[in-house]
Amino acid sequence: MHLCKFFYKFRALLRSAFAVAIITIPAHLLKIAGHAKLHHLADICVGLESFTGSERTTNPLFKEYNGLFHVYKVAAINSLAPPPVQNKDLAFKLRRKKFCIEKLHLPPELQESSEREQDDLAMPCGTSKSHLLE
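So that you can map any letter, position 59 of the sequence shown is 59 in full-length UniProt numbering, and since no number is skipped, the others follow by simple counting.
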């Protein structure tokens, strides 16, 4: 309860001073403090989900990334509604001196399968190849 009161007063102080603050809170403390109230008090709320110690480290989709970057809330100052989040599939990479956030995309499918060959034979609108000679 004291944490929410502190954030409310701190936000008012920052708005009057035209300043910006970045506050990080570990996930285990958010469960205790009630994350819904803290998300409501923040202008922007993001989260990091690391792949270390999870089954996603073996998934080939995530092999070049270190974790997922979640956007929970974006700023809605002086507007009626917050702008929609364009891309919710974001991942991050840790390099020597860089923290890169990129769009998470599926790698191209390189293997040919029998299902793909059958899809090529079918024509749109239910027509078949036997009617091409008519």
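Note that beta-carbon positions come from the ideal geometry of N, C-alpha and C, so glycine has one too.
Treat the numbers as computed from the prediction; the structure is a model and nothing was measured.
Check, Outcome
"Where ALA91 falls, given that 16 or more other Cβ within 10 Å makes a residue buried", "buried"
"Extent of the continuous alpha helix (DSSP H) run through ALA91", "No alpha helix (DSSP H) holds ALA91; the beta strand (DSSP E) holding it covers 90–94."
"Cβ-based neighbour list, VAL71, same chain, cut-off 6 angstroms, excluding 5 preceding and 5 following", "VAL46, VAL85"
"For LEU104, the three-state DSSP class (helix, strand or coil)", "coil"
"Contacts around PRO83, its chain only, beta-carbon distance under 7 angstroms, and the 5 residues preceding and following it disregarded", "VAL74"
"Own chain residues within Cβ distance below 7 angstroms of ALA42, not counting five before or after", "LYS73"
"Of the listed residues CYS4, LEU29, LYS88, nearest to PHE69 (C-alpha basis)", "LYS88"
"Coil, strand or helix - TYR65 by DSSP", "coil"
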